[in-house]
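As structure tokens, the structure follows; a few thoughts come after it.
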Amino acid sequence: MKVLVVGSGGREHALCWKIAQSKQCEALYCAPGNAGIASVATCVPVKAEDVQGLTTWAVDNGMDLVVVGPEAPLVAGLVDSLRAAGISAFGPSRMAAELEGSKGVMKDVLARHNVPTAWYGRFTDIDVAKRFIREKGAPIVVKTDGLAAGKGVILCQTVDEALRAVDQMMGDKIFGAAGDEVVIEEFLNGEEASFFALVSGTQVIPLGAAQDHKAVGEGDTGPNTGGMGAYSPAPVVTPEMEERIMHDCIIPTVEGMAKDGRPYTGILFCGLMIDEKGPKVLEYNVRFGDPECQALMMRLDSDLLPVLKAAADGKLADVGPLRWKDQAALVVVMAANGYPGAYEKGTVIGGLAEAGGVEGVTVFHAGTAEQDGKVVATGGRVLGVTATGRDVAQAQARAYEAVDALDWPDGFCRRDIGWRAVGR
1 MKVLVVGSGG
11 REHALCWKIA
21 QSKQCEALYC
31 APGNAGIASV
41 ATCVPVKAED
51 VQGLTTWAVD
61 NGMDLVVVGP
71 EAPLVAGLVD
81 SLRAAGISAF
91 GPSRMAAELE
101 GSKGVMKDVL
111 ARHNVPTAWY
121 GRFTDIDVAK
131 RFIREKGAPI
141 VVKTDGLAAG
151 KGVILCQTVD
161 EALRAVDQMM
171 GDKIFGAAGD
181 EVVIEEFLNG
191 EEASFFALVS
201 GTQVIPLGAA
211 QDHKAVGEGD
221 TGPNTGGMGA
231 YSPAPVVTPE
241 MEERIMHDCI
251 IPTVEGMAKD
261 GRPYTGILFC
271 GLMIDEKGPK
281 VLEYNVRFGD
291 PECQALMMRL
301 DSDLLPVLKA
311 AADGKLADVG
321 PLRWKDQAAL
331 VVVMAANGYP
341 GAYEKGTVIG
351 GLAEAGGVEG
361 VTVFHAGTAE
371 QDGKVVATGG
381 RVLGVTATGR
391 DVAQAQARAY
401 EAVDALDWPD
411 GFCRRDIGWR
421 AVGR
């Protein structure tokens with residue numbers, strides 16, 4: 001197969017790294033890619049959001065499969081455009097991608113199909129939103145309805161914090177048009193986990209769980225980011241809990257989406273809060289998580305490419321059980337100083353070969369470019385230093401050994417990725 005992966009982050013590097021290992025992969029391309037992806041795929045200078053440009057390129061170059069990484073092109077209808085042009089594409093349609101594109105739509109889907117989740121309200125009027133907050137009290141959660149690069153969620157411990165969050169989102173537009181509507185919902189306690197499933201219509205294969213670290217600071221402090229690290233498997237998702245997640249959350253959502261006339265194909269990423277009563281859905285994302293994808297790809301023993309192709313073509317029922325390595329994987333995100341606020345671009349990163357030389361370690365690039373023969377940082381989250389080990393503790397030790405081998409004074413990371421699992 002000739003395969004095009006769309007995107008330029010750590011998720012796409014991990015997908016390209018895994019797809020390149022397939023005997024069925026004849027040629028691999030990535031649009032637009034990054035400095036790390038260029039080592040395993042041919043980078044194509046077309047932006048991920050350029051729906052028409054990507055469709056034209058895929059047709060002109062005879063792609064057998066296009067794998068769409070990020071949410072923005074999915075919400076913009078890239079998969080619809082590719083399928084209309086006769087190209088097999090892995091990812092949901094524009095209508096199905098609204099599950100992530102609109103948090104309000106997602107919450108309505110959950111409510112309609114009796115999927116356990118937090119109570120909520122949807123608001124386009126600031127005063128009505130504030131009245132709801134005062135009625136409900138705090139702690140409470142305020143979210144932008146639209147896409148905000150993983151940052152449009154504010155956990156508010158007081159009513160005043162929540163009122164300020166509404167002003168920032170709806171009044172000051174700190175997240176742009178994503179805050180034209182807000183979703184205000186119950187603050188849930190428990191342990192968070194990310195659960196992944198491969199979906200094609202009503203056919204579903206569980207892909208297992210990971211645990212992400214959203215907050216920028218150690219001890220889960222500070223503002224939310226797109227993710228500062230992750231590990232897999234997540235001990236909180238026992239085999240019994242996985243059965244409950246599939247039965248209570250994933251299958252009712254997938255069957256409900258089909259009934260609603262927006263059947264789902266692709267990766268379904270379920271953000272969960274788990275307590276003694278069981279799982280509740282915090283959110284759905286319509287693509288692999290980043291950085292969870294890096295940990296999952298390191299653990300997956302099966303050939304990924306034929307599975308993605310089968311899902312894209314509605315033949316997931318023909319795929320046997322997936323094989324997983326008997327190992328844990330952990331990824332530490334290296335971010336540019338200042339992230340998730342303002343940060344400098346163009347700083348030089350050294351020590352990549354030394355970091356990648358640590359046993360069990362692969363360094364995935366999330367925001368890099370090559371400049372004058374050197375690798376430079378181009379984004380907020382820049383590297384995903386990913387390690388495998390017999391357990392999370394060993395994977396953690398290897399990942400931080402690799403982090404310490406890097407020469408990048410302009411970057412930082414959390415030093416406690418995996419703390420829950422290691423504590424167990």
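Here UniProt numbering is used: position 334 in the sequence shown is 334, and no number is missing along the way. Every residue gets a Cβ at the ideal spot worked out from N, C-alpha and C, and that includes glycine.
Reference L198, options A20, P92 and A111, closest by Cα
P92
Which same chain residues end up closer than 8 angstroms to G171 when comparing Cβ atoms and leaving out the 5 residues on each side of it in sequence?
I126
By alpha-carbon positions, which one of G314, G411 and L330 ends up nearest to Y231?
L330
Give every residue of the same chain whose Cβ lies closer than 6 angstroms to the Cβ of D64, excluding the five residues on either side of it in the sequence, and list them in chain order.
M1 and K2
Can you say whether R299 is buried or exposed, counting buried as having 16 or more other CB atoms within 10 angstroms of its CB?
buried
May I ask which residues mark the beginning and end of the alpha helix (DSSP H) holding C293?
E292 to R299
Give me the Cα-Cα distance between A393 and D108, rounded to the nearest whole angstrom.
40 angstroms
Expected contact under 8 angstroms - CB spacing of I140 and F187 to nearest Å
5 angstroms
Name, in chain order, the residues that DSSP records as bridge partners for F364.
G384
Locate the beta strand (DSSP E) running through P279, then write down its first and last residues.
G278 to N285
Got a sec, what are the start and stop residues for the beta strand (DSSP E) D203 sits in?
This sequence places Gln at residue 203; Asp is not what is there. That run of the beta strand (DSSP E) goes Q203 to D212.
Identified DSSP bridge partners for V66:
Beta-bridge pairing links V66 to L4 and A89.
Is it the case that the Cβ atoms of R420 and G226 are separated by a distance below 8 angstroms?
no
Measuring only the C-alpha atoms, how far is D301 from T238?
20 angstroms
Take the Cβ of N285 as the centre, count every other Cβ of all protein chains shown within 10 Å, and call the residue buried at 16 or more, exposed below.
buried
Run the CB neighbour count on G137, radius 10 Å, all protein chains shown included, and call it buried at 16 or more, exposed below.
By the Cβ-count criterion, G137 is exposed, with fewer than 16 other Cβ atoms from all chains shown falling within 10 Å of its own Cβ.
T347 vs A35 beta-carbon contact at 8 angstroms
Not a contact, by the Cβ cut-off of 8 angstroms.
Runs of 3 residues minimum, wholly inside the stretch 304 to 346: which ones carry the beta strand (DSSP E) assignment?
328 to 336
Three-pair Cβ contact test at 8 angstroms for the stretch 311 to 328 versus the stretch 22 to 39:
no
Whole-angstrom distance between R424 and L78, CA atom to CA atom
42 angstroms
If you measure between the beta carbons of V403 and V385, is that distance less than 8 angstroms?
In contact: V403 and V385 (Cβ atoms closer than 8 angstroms).
Presumed contact (8 angstroms Cβ cut-off) between L352 and V361, rounded CB distance
Contact flag wrong, Cβ pair sits at about 11 angstroms.
Under DSSP, the beta strand (DSSP E) around I37 begins and ends at which residues?
From DSSP, I37 is part of no beta strand (DSSP E); its letter is neither H nor E.
Got a sec, what are the start and stop residues for the beta strand (DSSP E) L155 sits in?
V153 to C156
Give the C-beta separation of F90 and F196 to the nearest angstrom, bearing in mind that I take them to be a contact with Cβ-Cβ under 8 angstroms.
F90 to F196, Cβ: 14 angstroms. No contact.
Whole-angstrom C-beta distance between P223 and D248, which should lie under 8 angstroms
Contact between D248 and P223 does not hold, since the beta-carbon distance rounds to 31 angstroms and is not under 8 angstroms.
Identify the continuous alpha helix (DSSP H) that holds A230 and give its terminal residues.
Per DSSP, A230 lies in no alpha helix (DSSP H) segment; the continuous beta strand (DSSP E) that holds it begins and ends at G229 to S232.
Taking D404 as part of the alpha helix (DSSP H), name the residues at either end of that continuous run.
V392 to A405
Taking the beta carbon of K325 as the centre, do at least 16 other beta carbons fall within 10 Å, making it buried, or is it exposed?
Residue environment for K325: exposed (fewer than 16 other C-beta atoms within 10 angstroms of its C-beta).
Cβ neighbour criterion (16 or more within 10 Å) applied to residue 498
Residue numbering for the chain in the displayed model covers 1 to 424; residue 498 lies beyond these limits and cannot be assessed.
Please list the terminal residues of the continuous alpha helix (DSSP H) segment that includes C16.
G10 to I19
Whose CA, out of R414, L308 and G266, lies closest to the CA of T202?
G266
When DSSP builds the beta bridges, which residues end up paired with F269?
Per DSSP, the beta-bridge partners of F269 are F196 and N285.
For P45, name the three-state secondary structure that DSSP assigns.
P45 falls in the coil class under three-state DSSP.
Assuming contact is defined by CB atoms lying nearer than 8 angstroms, are T388 and Q327 in contact in what I supplied?
yes
Judging by CA-CA distance, which residue of C413, E370, L383 and A405 is the nearest neighbour of C43?
E370
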